[in-house]
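In what follows, a single structure is set out as structure tokens and then discussed.
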């Protein structure tokens, strides 16, 4: 299992246990973490599961592929640490991952 | 529009289906089997709804009999399956208004199409696809005056400074189309790569090269203006520094999202933005108006395409009573009924 912490825009923290193999978005939705809309259900087609990966975890989570980078065009306030959480697969190596949820997903 | 104009163009039919997603398409089939002719209206420019808009290439694994099928393939198969029933499609239109008539309804779209039908089937899924609104403070005040998500009339943009934001086909297409009309045109995008068709990107770059338009990198963070009239926007550049971009008009293109839309204003009972229905006829709080697929709710509801197919079949049984009040419907199988096979064009 991997522990993932979602920090809301207002500072509230939600820590959830995620099973390796699921996506960070699925871990959020399964545990009713607010702010992850995931309108398309994980098809990388809506950009409403946008998160900012904590600096310390950027290398471990990797970089977006072309499709995700294209879809990030539909999100707002994109930063270098922006990712779509449906495209980050949970692994044991991500135990302790910290991501921030933007103020609005649109 | 005056009454005469409306009367000239009114389409009369049996059923109007709102939404051309998989469930709306299958409703054409089920209604067709019981001799109900349908017109289908959808805000998108092609059939398939979420299947083709959100995940055309993604596999779906829970359609009975099809171990795996993509959103586009399922749509194509459904279009093929409903061909014998000759439904008429009205794309790029949103139903704005529904009026109760003696023995039916009059439906009016934002494109001015008027259809009178005996039954109305709402298969609108998650609602109508509408442009995403950037979460910029106060943007509502500018919408329709100096912030636009689509082009209704090119003249609106003539001799104005126009800022287009985005990097997809809509952003690029409108950059190319509005360039000759606008006083000045600036395209703003967060990166130097574009999702849009390479040919459009080439044309855009040529216009930048010739000095006809300008291209800037960055993201809009604030709007400035008064009384709905934009004067400038604040842009955060890729280096993190901000600059002011003067403009009279902004067109943000950030994709589409689903909004319930005008359905909420038709006087139907709503529960959490869904239409409650009974599980025998899938009829809403209004007699003759049905809701099937993701837009309805009932105890045990699952938002699955297959549930919508089932709902379409039962809805059609009740719709038959309204369209043919004097006829008794005898249940038949497509496998063995000569009558149904004739309708399907296989006999």
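Residue numbers (the numbering used here), protein chains in the order written: chain A, 808 to 913; chain X, 359 to 705.
We treat Cβ as the ideally placed atom computed from N, Cα and C, and that holds for glycine.
**OP:** Have a look at the DSSP bridge pairing and note the partners of residue 543 of chain X.
**Re:** DSSP lists X:520 as partners of residue 543 of chain X.
**OP:** Output yes or no for whether 8 Å exceeds the beta carbon distance between residue 843 of chain A and residue 908 of chain A.
**Re:** Contact check for residue 843 of chain A against residue 908 of chain A passes: the beta carbons are separated by less than 8 Å.
Original post:
Tell me which same chain residues have a C-beta within less than 6 Å of the C-beta of residue 534 of chain X, skipping the five on either side of it?
Top reply: Taken in chain order, the residues that qualify are 561.
**OP:** For residue 880 of chain A, decide whether its Cβ has a neighbour in chain X, counting only Cβ atoms nearer than 8 Å.
**Re:** Taking 8 Å as the CB threshold, residue 880 of chain A lines the interface with chain X.
**OP:** Taking residue 385 of chain X and residue 673 of chain X to be in contact with their CB atoms under 8 Å, please state how far apart those CB atoms are, rounded to whole angstroms.
**Re:** Confirmed, Cβ separation roughly 7 Å.
Subject >> When X:421, X:390, X:454, X:371 are compared against residue 661 of chain X, the one with the closest alpha-carbon >> reply: Closest by alpha carbon: X:421.
Original post:
Going along chain A in order, which residues have a C-beta closer than 9 Å to the C-beta of residue 430 of chain X?
Top reply: At a beta-carbon threshold of 9 Å, none of the residues of chain A lie near residue 430 of chain X; the nearest stands roughly 13 Å away.
Subject >> Outcome for residue 383 of chain X when other beta-carbon atoms lying within 10 angstroms are tallied against a minimum of 16 >> reply: With 16 or more other Cβ atoms within 10 Å, it is buried.
**OP:** Please classify residue 445 of chain X: does DSSP put it in a helix, a strand, or coil?
**Re:** Coil.
Subject >> Contact list for the stretch 831-852 of chain A against chain X, Cβ threshold 7 Å >> reply: Those would be 846, 847, 850, 852, in chain order.
Subject >> residue 606 of chain X to residue 830 of chain A span [Cα, whole Å] >> reply: One C-alpha to the other measures close to 42 Å.
Subject >> Cβ contact check for the stretch 893-908 of chain A and the stretch 500-515 of chain X: 3 or more pairs under 8 Å >> reply: No: fewer than three Cβ pairs fall under 8 Å.
Subject >> residue 689 of chain X in three-state terms, based on DSSP >> reply: Annotated three-state conformation of residue 689 of chain X is coil, per DSSP.
**OP:** Say whether chain X places a C-beta atom closer than 8 Å to the C-beta of residue 813 of chain A.
**Re:** Chain X contact via Cβ: absent.
Original post:
What do you reckon, are the CB atoms on residue 546 of chain X and residue 566 of chain X nearer than 8 Å?
Top reply: Remark: C-beta atoms of residue 546 of chain X and residue 566 of chain X do not approach each other more closely than 8 Å.
**OP:** Run down chain A in chain order and give the residues with a C-beta less than 8 Å from the C-beta of residue 616 of chain X.
**Re:** Result: 846.
Original post:
In this structure, does DSSP put residue 458 of chain X in helix, strand or coil?
Top reply: The answer is strand: DSSP assigns residue 458 of chain X an E or B state.
Original post:
If you draw a straight line from the alpha carbon of residue 701 of chain X to that of residue 440 of chain X, how long is it in whole angstroms?
Top reply: The alpha-carbon atoms of residue 701 of chain X and residue 440 of chain X are separated by roughly 11 Å.
Original post:
In chain order, what residues of the same chain lie with their CB nearer than 8 Å to the CB of residue 527 of chain X, ignoring the 5 residues before and after it?
Top reply: Result list for residue 527 of chain X: 553, 554, 555, 558, in chain order.
Original post:
Run through DSSP, which three-state label would residue 535 of chain X get?
Top reply: The DSSP-derived three-state label of residue 535 of chain X is helix.
Original post:
For residue 500 of chain X and chain A, any beta-carbon pair shorter than 8 Å?
Top reply: Residue 500 of chain X is outside the set of residues whose beta carbon lies under 8 Å from a beta carbon in chain A.
Subject >> alpha helix (DSSP H) runs contained entirely in the stretch 371-417 of chain X, provided each spans 4 or more residues >> reply: At a cut-off of 4 residues, the continuous stretches assigned as alpha helix (DSSP H) that sit fully inside the stretch 371-417 of chain X are 380-391, 408-411.
Subject >> Pair within 8 Å by beta-carbon distance, residue 655 of chain X and residue 683 of chain X >> reply: Against a cut-off of 8 Å, the Cβ pair of residue 683 of chain X and residue 655 of chain X comes out as no contact.
Original post:
Looking only at C-alpha atoms, which of X:479, X:627, X:492, X:407 sits nearest to residue 678 of chain X?
Top reply: Ranking X:479, X:627, X:492, X:407 by Cα distance to residue 678 of chain X puts X:479 first.
Original post:
Candidates X:575, X:400, X:694, X:663: which alpha carbon is nearest residue 448 of chain X's?
Top reply: Residue 448 of chain X has its Cα closest to that of X:400, out of X:575, X:400, X:694, X:663.
Original post:
What does residue 895 of chain A reach in chain X if we use C-beta pairs closer than 8 Å?
Top reply: Result: empty, since nearest Cβ-Cβ is about 18 Å, beyond 8 Å.
Original post:
Residues in its own chain within less than 7 Å of residue 841 of chain A by CB, not counting five upstream and five downstream?
Top reply: Taken in chain order, the residues that qualify are 815.
**OP:** Name, please, each residue of chain X whose Cβ falls closer than 9 Å to the Cβ of residue 913 of chain A.
**Re:** Within chain X, the residues near residue 913 of chain A are 490, 491, 492, 493, 612, 613, 615.
**OP:** Go to residue 865 of chain A, then tell me how far its alpha helix (DSSP H) extends in each direction, as first and last residue.
**Re:** Note, residue 865 of chain A: alpha helix (DSSP H), 865-868.
Original post:
How would you call residue 686 of chain X, buried or exposed, if buried means at least 16 neighbouring beta carbons within 10 angstroms?
Top reply: Exposed.
Subject >> Which listed residue (X:659, X:499, X:395) has its alpha carbon closest to that of residue 585 of chain X >> reply: Closest in C-alpha terms to residue 585 of chain X, from the list X:659, X:499, X:395, comes X:499.
Original post:
Would you say the stretch 393-409 of chain X touches the stretch 689-700 of chain X, given that touching needs at least three Cβ pairs under 8 Å?
Top reply: Segments in contact, no.
Original post:
Quick one: what's residue 654 of chain X bridged to in DSSP?
Top reply: According to DSSP, which records beta bridges pairwise, residue 654 of chain X is partnered with X:633.
**OP:** Kindly identify the DSSP beta-bridge partner or partners of residue 604 of chain X.
**Re:** The partner list for residue 604 of chain X (beta bridge, DSSP) reads X:590.
**OP:** State whether the stretch 640-647 of chain X contacts the stretch 431-445 of chain X, with contact taken as three or more CB pairs (one from each stretch) at a distance under 8 Å.
**Re:** In short, these stretches do not touch, since the Cβ pair count stays below three.
**OP:** Mind listing the chain A neighbours of residue 416 of chain X? Cutoff is C-beta to C-beta under 7 Å, in chain order.
**Re:** The answer, in chain order, is 850.
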